[in-house]
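Colleague: Chains A and B, in that order, are what the protein sequence lines are. Just so we're aligned, residue 1 is where the first sequence starts under full-length UniProt numbering, counting upward by one. Just so we're aligned, residue 1 is where the second sequence starts under full-length UniProt numbering, counting upward by one. Built from N, CA and C at the ideal position, the CB exists for glycine as well.
Protein chains: 2
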Amino acid sequence: MKDLPDSQEIAALMDEIGRRARAASAELAFAAPEAKRRALEVAAAEVRAREGEIIAANEKDMAFGRDKGLSAAMMDRLMLDAGRIEGIAKGLEAVAAQDDPVGAVLTEWDMASGLHIQRVRTPLGVIGVIYESRPNVTADAGALCLKSGNAVILRGGSESFYSSGVLAECLKAGLRAAELPEDAVQLVPTRDREAVRQLLTMTEYVDVIVPRGGKGLVGLVQREARVPVFAHLEGICHVYLDASADAEKALKVTLNAKTRRTGICGSAECLLIHRDVLDTIGQGVVRALIDAGVELRGDAELQKIEGVVPATEEDFGREFLDMIIAARVVDDIDAAIAHIRRYGSNHTDSIIAEDDAAAQRFFQRLDSAILMRNASTQLADGGEFGMGAEIGIATGKMHARGPVGAEQLTSFKYLVTGDGTVRA
Amino acid sequence: MKDLPDSQEIAALMDEIGRRARAASAELAFAAPEAKRRALEVAAAEVRAREGEIIAANEKDMAFGRDKGLSAAMMDRLMLDAGRIEGIAKGLEAVAAQDDPVGAVLTEWDMASGLHIQRVRTPLGVIGVIYESRPNVTADAGALCLKSGNAVILRGGSESFYSSGVLAECLKAGLRAAELPEDAVQLVPTRDREAVRQLLTMTEYVDVIVPRGGKGLVGLVQREARVPVFAHLEGICHVYLDASADAEKALKVTLNAKTRRTGICGSAECLLIHRDVLDTIGQGVVRALIDAGVELRGDAELQKIEGVVPATEEDFGREFLDMIIAARVVDDIDAAIAHIRRYGSNHTDSIIAEDDAAAQRFFQRLDSAILMRNASTQLADGGEFGMGAEIGIATGKMHARGPVGAEQLTSFKYLVTGDGTVRA
Chain A
1 MKDLPDSQEI AALMDEIGRR ARAASAELAF AAPEAKRRAL EVAAAEVRAR
51 EGEIIAANEK DMAFGRDKGL SAAMMDRLML DAGRIEGIAK GLEAVAAQDD
101 PVGAVLTEWD MASGLHIQRV RTPLGVIGVI YESRPNVTAD AGALCLKSGN
151 AVILRGGSES FYSSGVLAEC LKAGLRAAEL PEDAVQLVPT RDREAVRQLL
201 TMTEYVDVIV PRGGKGLVGL VQREARVPVF AHLEGICHVY LDASADAEKA
251 LKVTLNAKTR RTGICGSAEC LLIHRDVLDT IGQGVVRALI DAGVELRGDA
301 ELQKIEGVVP ATEEDFGREF LDMIIAARVV DDIDAAIAHI RRYGSNHTDS
351 IIAEDDAAAQ RFFQRLDSAI LMRNASTQLA DGGEFGMGAE IGIATGKMHA
401 RGPVGAEQLT SFKYLVTGDG TVRA
Chain B
1 MKDLPDSQEI AALMDEIGRR ARAASAELAF AAPEAKRRAL EVAAAEVRAR
51 EGEIIAANEK DMAFGRDKGL SAAMMDRLML DAGRIEGIAK GLEAVAAQDD
101 PVGAVLTEWD MASGLHIQRV RTPLGVIGVI YESRPNVTAD AGALCLKSGN
151 AVILRGGSES FYSSGVLAEC LKAGLRAAEL PEDAVQLVPT RDREAVRQLL
201 TMTEYVDVIV PRGGKGLVGL VQREARVPVF AHLEGICHVY LDASADAEKA
251 LKVTLNAKTR RTGICGSAEC LLIHRDVLDT IGQGVVRALI DAGVELRGDA
301 ELQKIEGVVP ATEEDFGREF LDMIIAARVV DDIDAAIAHI RRYGSNHTDS
351 IIAEDDAAAQ RFFQRLDSAI LMRNASTQLA DGGEFGMGAE IGIATGKMHA
401 RGPVGAEQLT SFKYLVTGDG TVRA
């Protein structure tokens, strides 16, 4: 890579980007909903119009990726073709069509003093998005930030440098067409990692960081950020088969939770089976998983079932992101809850139970961002929740939790109207 | 002070407190509303029963304060008498009587897939409260944290050490009576400042810090905390008299905003006057302020009015907390907005205007936690907002903003119910 200025130059560059983003955010905060919608629609048209340019840029990225020896999976994530580019354009249009969250009155009431109080949505300000190889994040994340009235600083992966560059240009073209400040979307123009370090500590300019990527990236961001972070480090999702589980639901949900797609954060990584249903439903589910090609790493009791591989302590609380699942027999629901508290990651956990009291206990005593009953953990997704596009799933408890869509990228303010009202 | 163990001992002590708080919070999170109410009611009864003990402890604190040479104002904040103790007991009962925020369904909806999705309030976890001389904060903050299902670690001022100790014991007595974990309320048992440093960096155990005190304390906490902070550094509240201001409202509101109580964060520190009403409403308001004993530090134009003292650049953006106000003439509403953006602290700002468009512009283009129209900035208070007791007023944009009551000390989780529902 030739673009390696020294860290002082990077600091000056990032400071300038931050300053511009802050200035743009002040204007974008009260932009008309129609203007933001138009910016996104024009950006979508621009993406379609520049298909050839995007593919040419992507070819440069793919060549860089090959030189770097990226895995086939990584190369696939990086790759853009006509179909994926159309998907990006459609994604921009979908966000354009969403309701504008800014200015919505969340609640309002009157006081005896004569005050009328409204709580109104307002943007957060400036959002930093740090991501890895998927260039589409440039468009998706940029669009959500814009919709929610926030300025965004995008820091893509070094592999998607050129593809992301063209996509960011499409967003800027949209902003210009809508007469909105172009600095509302900025892509960090260097691959230097020092830029990430700067971005994480720019408390004056950046209100929140959203990392999109693997555990390595998210862990780094969580450790080093001096600004709030919306993220999940891992998705260690559990499925617990209660004594009251329905056999068919248990089978259907567990198979889907593990095997539909193993590489997403909502895929199940651990199966807990109530002792009372071990020889009935449990056997059936274990069999079905193994037959589906899953490596099932079980505790001593489960090892009695043919095909079960011994689990080590390290297999619990582990995110396999693969056709592997850890499994354990528990004596009762409280043991399942204790296991999830200890090994879970507060992402998504599901109970398979017909007994309302059991489900209630699971819902009350666990505090994962998403708790499910008789439903697959793979449903943990903004789209499946009807919340529209999401910038990610957060497991923290502050501000944003679960699927983070445009609404969760906002804050609020109180608007108070009196009539010469004073305090006694 | 004799209690000065070394920093390793303090670290071990705080670690133990954090561990206990975390364990208590897991239980308190699903405590029955009746149990929490009972704990607070018993605590109130306990405060009344221990009046003599509280006064004796407070006398030790007052002696310590005198030795330390505290100002009369500080000594007054520290002092507890029968009336104030009854006020503390009533405050506990008021929080007991509030609705329990935990478990409330914030919103719920159904998806075509068959999922039923609920967004339900859940406590934040562990809250650290760091405060100065007022011992009543021990009871007030402790009660709000308990009501919202959070464990609390209280770190009172060294001056209120003994008074706070007895008040914390009253809360613990309430917890015991309600069979709730006593560790849900812990008072740091040392005056050593190292304990504060520890508390601010215990990311594993503490979810949020609430500092209650002057700019020195809040600034320290904001600089050094590695956990989120709900606070306002300063309340630099502005009153802007628009060209469309009503004379009577302008006079009434400005006088109240400045003079009702000068020492609170909602008191006005700066007056902005639209040029068009300078010689009419402006003159009258300036006169009335001066007649009320306010030192008005004005710009060159205002200095033409008798009794106006020249303002320096440092007087703008300054929190006087005294019978002093800075004042400036502005050419139009945008100049007022620009002034507030530059010098304000995002706490509370008020426009006096009959023109709806002007008020709308002020509300849209500023992003203070609280914006008011024709109302006194002194109304910026949880009680005046009908939100019940507050733990403070926050100016940040993440999570909590404006008056922070029991509701804002909560997060949420998604409870998702299916019927064997899987993802396609």
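Mind checking Arg155/B: buried by the 16 CB within 10 Å criterion, or exposed?
Modeller: Arg155/B comes out buried.
Colleague: Would you tell me roughly how many angstroms separate the C-alpha atoms of Ala369/B and Val185/A, rounded to the nearest one?
Modeller: 25 Å
Colleague: DSSP state of Ser411/A, grouped into three classes?
Modeller: strand
Colleague: Starting from Glu295/B and walking both ways along the beta strand (DSSP E), at which residues does that stretch end?
Modeller: Counting along the chain, the beta strand (DSSP E) containing Glu295/B begins and ends at 295–298.
Colleague: Alpha carbon to alpha carbon, what distance is there between Leu124/A and Thr410/A?
Modeller: 5 Å
Colleague: So that I know if they touch, is there some Cβ in chain D lying closer than 9 Å to that of His347/A?
Modeller: The structure shown has no chain D; the protein chains it does contain are A and B.
Colleague: In the DSSP assignment, what residue or residues form a beta bridge with Ile305/A?
Modeller: Per DSSP, none; premise fails for Ile305/A.
Colleague: Would you kindly report the start and end of the unbroken alpha helix (DSSP H) that includes residue 437/B?
Modeller: A query on residue 437/B cannot be resolved here, the shown segment of chain B reaching from 1 to 424 and no further.
Colleague: How far does the beta strand (DSSP E) with Gln360/A in it reach, from first residue to last?
Modeller: It is not in any beta strand (DSSP E) - Gln360/A instead sits in the alpha helix (DSSP H) that spans 356–365.
Colleague: I'd like the span of the alpha helix (DSSP H) that includes Val253/B, first residue to last.
Modeller: 247–259
Colleague: Mark Ala82/A as exposed unless 16 or more other C-beta atoms lie within 10 angstroms of its C-beta, in which case mark it buried.
Modeller: exposed
Colleague: Does the beta carbon of Arg341/A come closer than 9 Å to any beta carbon on chain B?
Modeller: yes
Colleague: Are Thr377/A and Gly266/A touching if we call contact CB-CB under 9 Å?
Modeller: yes
Colleague: Spell out the partners DSSP gives Ala72/A in its beta bridges.
Modeller: According to DSSP, which records beta bridges pairwise, Ala72/A is partnered with nothing at all.
Colleague: Would you please verify whether the beta carbon of Pro228/A is less than 9 Å from any beta carbon of chain B?
Modeller: Chain B contact via Cβ: present.
Colleague: Mind checking Met1/B: buried by the 16 CB within 10 Å criterion, or exposed?
Modeller: The predicted position of Met1/B is uncertain, since its pLDDT is 44 and thus under 50; a value taken from the coordinates is nonetheless stated next. Counting Cβ neighbours within 10 Å, Met1/B comes out exposed, since fewer than 16 surround it.
Colleague: Arg121/A bridges to which residues according to DSSP?
Modeller: Phe412/A
Colleague: If you draw a straight line from the C-alpha of Leu106/A to the C-alpha of Glu179/A, how long is it?
Modeller: So the alpha carbons of these two residues sit roughly 28 Å apart.
Colleague: Rank Ala250/B, Arg121/B, Ala94/B by C-alpha distance to the C-alpha of Val42/B and give the top, closest one.
Modeller: Ala94/B
Colleague: Could you check where the beta strand (DSSP E) with Thr280/B kicks off and where it finishes?
Modeller: Counting along the chain, Thr280/B falls outside any beta strand (DSSP E), and DSSP gives it neither H nor E.
Colleague: Tell me whether the segment 251–261 of chain B and the segment 280–298 of chain B touch, counting them as touching only if at least three CB pairs, one residue from each stretch, are closer than 8 Å.
Modeller: yes
Colleague: Anything in chain A within Cβ reach of Val210/B, meaning under 9 Å, just list it in chain order.
Modeller: Chain A residues near Val210/B: none, gap ~13 Å exceeds 9 Å.
Colleague: Give the residues from the segment 129–146 of chain B that approach chain A closer than 7 Å (Cβ to any Cβ), ordered along the chain.
Modeller: none
Colleague: List, in chain order, every chain A residue whose beta-carbon is nearer than 7 Å to that of Phe412/B.
Modeller: Within 7 Å Cβ-Cβ: Arg401.
Colleague: Within the same chain, show all residues whose beta-carbon is closer than 8 Å to that of Tyr414/B, passing over the 5 residues directly before and after it, in chain order.
Modeller: Ile117, Gln118, Arg119, Val120
Colleague: Quick one: measure Cβ to Cβ for Ala375/A and Gly382/A, integer angstroms, because I've assumed they're closer than 8 Å.
Modeller: That pair is no contact at about 16 Å.
Colleague: Rounded to the nearest angstrom, how far is the Cβ of Ile393/B from that of Ala380/B, given a contact under 8 Å?
Modeller: 6 Å
Colleague: Please report the distance separating the alpha-carbon of Phe230/A from that of Leu92/B.
Modeller: 35 Å
Colleague: Please return the same chain residues whose Cβ sits closer than 6 Å to the Cβ of Ala57/B, not counting the five positions on each side in sequence.
Modeller: Here the set comprises Tyr162, Ser163, Val166.
Colleague: Select from Asp67/A, Leu70/A, Glu53/A the residue whose C-alpha is nearest the C-alpha of Leu80/A.
Modeller: Glu53/A
Colleague: Examine chain A for any beta-carbon lying closer than 9 Å to the beta-carbon of Gly69/B, and answer yes or no.
Modeller: no
Colleague: Grouping DSSP H, G and I as helix and E and B as strand, with all else coil, what is Val102/B?
Modeller: coil
Colleague: Residues of chain B with a CB under 7 Å from the CB of Arg423/A: which are they?
Modeller: Asn256, Arg260, Ser376, Gln378, Leu379, Glu384
Colleague: Can you round the beta-carbon distance between Lys68/A and Leu146/A to whole angstroms, since I take them to be within the 8 Å contact cut?
Modeller: The pair is not a contact, with the Cβ atoms about 31 Å apart (cut-off 8 Å).
Colleague: How would you write the range of the beta strand (DSSP E) that Val330/B sits in, first residue to last?
Modeller: 324–330
Colleague: Quick check: the segment 226–242 of chain A against the segment 262–281 of chain A, are there 3 or more CB pairs under 8 Å?
Modeller: yes
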